[in-house]
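Everything on this sheet refers to the single structure shown next.
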Amino acid sequence: MVKTASQPDALLAWMDCLADPMRLRLLRILERHELGVADLCDVLQTPQSTVSRHLKLLLDQRWVQSRRQGTNHLYEMILDELAPAARKLWLLAREQMESWATLAQDELRLQRRLSQRENDSQTFFAGAAGEWDRIRNELYGGRFDLHAVLPLLPGSSVVADLGCGAGELAALMARYVANVIGVDNSTEMLKAAKKRANGQTNLDLRRGELEALPLKDAEADAALMILALTYVPEPQIALDEMARVIEPGGRAVVVDLLRHDREDFRRQLGQKWSGFEASEIERMLTAAGFKNVNVTPLPPDQNAKGPALFVASAEKA
Ligand SMILES: C[S@@+](CC[C@H](N)C(=O)[O-])C[C@H]1O[C@@H](n2cnc3c(N)ncnc32)[C@H](O)[C@@H]1O
321 MVKTASQPDA
331 LLAWMDCLAD
341 PMRLRLLRIL
351 ERHELGVADL
361 CDVLQTPQST
371 VSRHLKLLLD
381 QRWVQSRRQG
391 TNHLYEMILD
401 ELAPAARKLW
411 LLAREQMESW
421 ATLAQDELRL
431 QRRLSQREND
441 SQTFFAGAAG
451 EWDRIRNELY
461 GGRFDLHAVL
471 PLLPGSSVVA
481 DLGCGAGELA
491 ALMARYVANV
501 IGVDNSTEML
511 KAAKKRANGQ
521 TNLDLRRGEL
531 EALPLKDAEA
541 DAALMILALT
551 YVPEPQIALD
561 EMARVIEPGG
571 RAVVVDLLRH
581 DREDFRRQLG
591 QKWSGFEASE
601 IERMLTAAGF
611 KNVNVTPLPP
621 DQNAKGPALF
631 VASAEKA
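Here the numbering used here is used: the first residue of the sequence shown is 321, the next is one more, and so on.
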C-alpha cells in the first residue's frame, strides 16, 4: 500500500531518510542513473559497507528500487513512482543541494565511471587492446611519457617551478630546458630537491615566498604552480607575482584542487583553501594580467583518493 504523508510515521521516516548528506548524494545520482554498489562506492569515494547500509535504508523506505543483473544488484530512483509527498520532499532537498561543492566532485567521478563502463564494453569486444594501458604501466611505469612531452618545450627556455616541493618535476624539466628555477619556502623541501638534483647545474633552487617571489621581473619564459596555491593565504597575490616573473607572451600553468567539501582532508594536508571554483581561478588569473585563460577539470584518476584537480593554462598579456 502506498503511504501518504497524512500518516505521521511515514512523513517522519521520509524526512529521517533525507536527513543525511550521503543519502542525498546517493539519490541525486540514482535519480539519473541505474548503478551498482561498486559504481556508487567509486563515485562517492566511500567504503562498500557504508554505501550498502544507506542503500538498504533507501530501499526499505522505497526511495530506490533494485533489480538483479547477473551477480549484481542495480539501483535507481524513479521519481514518478515515489509517493507524492516523498517526491515533493525530494524536489525541495534537491533544489537546496544545488550549490554543494561535493556534488560537482561526484559528477566528475560519475562521468569518469560512466565513460569507463563504455570503455569496458569496448574492452570486451576489442580483446587485449583494452588491456594496453595496464600492460604498458606494468611494463614501463607510469611517468616515462613525460620524457616524450618535455622535449617539446623550447630547449632555450627558463622555467620557474613555484612551490617546487621536493623537486621531482623541476629536476626532470632541467634535463630538457636551459634553466629551471625552483622556489619553495620550506628548507626541508629544498634540501630534498637539492639532493635529487644531484649536481644538475641548471637547476637553481631558491628559498622564498609565493607572495614575494625571489625572481626579477620577466625572468622566466614560463612558470608552473602545482598543488601549492591552496596553501597560500592570499592566492591573488601569488598569481600576481607569477605574472610579474613571466615575460610577455610566456605561459603559466596552475594545477590544484577543485572546490570540495572535505574539511578533514583540508585540515590533514594543512591547506588554507578547500580548492577553487574554475571561475575563481579564471577571474584571478585574468586579474593578474594573463589572457587566453583556460581552466579544465582533470579526469579523476581511478586510484586517486584526493579531491578532483583542475589544470589552468594562460598567457602573459
Ligand atoms: C603539496 S606541495 C607540492 C610540491 C610540488 N609542486 C608537487 O607537485 O609535488 C606544496 C609546496 O608548496 C610550498 N609552499 C606552500 N606555501 C608556500 C608559500 N607561501 N611560499 C612558498 N612555498 C610554499 C610547500 O613548502 C610545499 O613544498
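All C-beta atoms, glycine included, are put in the ideal place defined by N, C-alpha and C.
Because the structure is a prediction, the values reported are computed rather than measured.
{"query": "Distance between beta carbons of Tyr551 and Gln591, contact taken as under 8 angstroms", "result": "6 angstroms"}
{"query": "The region 498-513 / the region 471-481 touching (three or more Cβ pairs under 8 angstroms)", "result": "yes"}
{"query": "Sheet register partners of Asp576 (DSSP bridge)", "result": "Phe630"}
{"query": "Beta-carbon proximity check, Ala632 vs Asp560, cutoff 8 angstroms", "result": "no"}
{"query": "Cβ-based burial, Ala517 [other Cβ within 10 Å; buried from 16]", "result": "buried"}
{"query": "Own chain, CB closer than 7 angstroms to Val371, minus 5 neighbours either side, in chain order", "result": "Val357, Leu360, Cys361, Leu364"}
{"query": "The region 385-401 contacting the region 339-357, beta-carbon criterion three pairs below 8 angstroms", "result": "yes"}
{"query": "Gln416: first and last residue of the uninterrupted alpha helix (DSSP H) it sits in", "result": "404-417"}
{"query": "Cα-Cα separation between Leu378 and Cys337, rounded to whole angstroms", "result": "7 angstroms"}
{"query": "Option in Glu567, His580, Gln520, Ala486 with minimal Cα separation from Leu510", "result": "Ala486"}
{"query": "Spatial distance of Ala403 from Arg463 (CA atoms)", "result": "53 angstroms"}
{"query": "Alpha carbon of Asp494 to alpha carbon of Arg527, nearest angstrom", "result": "Correcting the residue identity first, residue 494 is Ala in this sequence and not Asp. Cα to Cα, Ala494 sits roughly 18 angstroms from Arg527."}
{"query": "Exposed unless 16 or more other CB atoms sit within 10 angstroms - verdict on Pro328", "result": "exposed"}
{"query": "Meets three-Cβ-pair contact criterion under 8 angstroms: the region 569-583 and the region 420-438", "result": "yes"}
{"query": "Contacting residues, own chain, Cβ-Cβ under 7 angstroms from Glu531 (five flanking each side not counted)", "result": "Val552, Glu554, Ile557, Ala558, Glu561"}
{"query": "Per DSSP, the bridge partner or partners of Glu529", "result": "Ala532"}
{"query": "Ligand 1 heavy atom lying under 7 angstroms from the CB of Val574", "result": "no"}
{"query": "Residues bridged to Ser386 [DSSP beta-bridge criterion]", "result": "Tyr395"}
{"query": "Rounded separation between Val613 and Leu578 - CA only", "result": "16 angstroms"}
{"query": "Anticipated Cβ contact below 8 angstroms, His610 with Glu635, distance rounded", "result": "The identity of residue 610 in the sequence shown is Phe, whereas the question assumes His. Confirmed, about 6 angstroms."}
{"query": "Ligand 1 heavy atom lying under 7 angstroms from the CB of Asp524", "result": "no"}
{"query": "C-beta neighbour in chain D for Gln381, strict 8 angstroms", "result": "Reference to chain D is not applicable here, since this structure consists of a single protein chain."}
{"query": "First through last residue of the alpha helix (DSSP H) which encompasses Leu331", "result": "328-338"}
{"query": "Member of Glu508, Asp340, Trp593, Ala637 whose CA lies at the smallest distance from the CA of Leu549", "result": "Trp593"}
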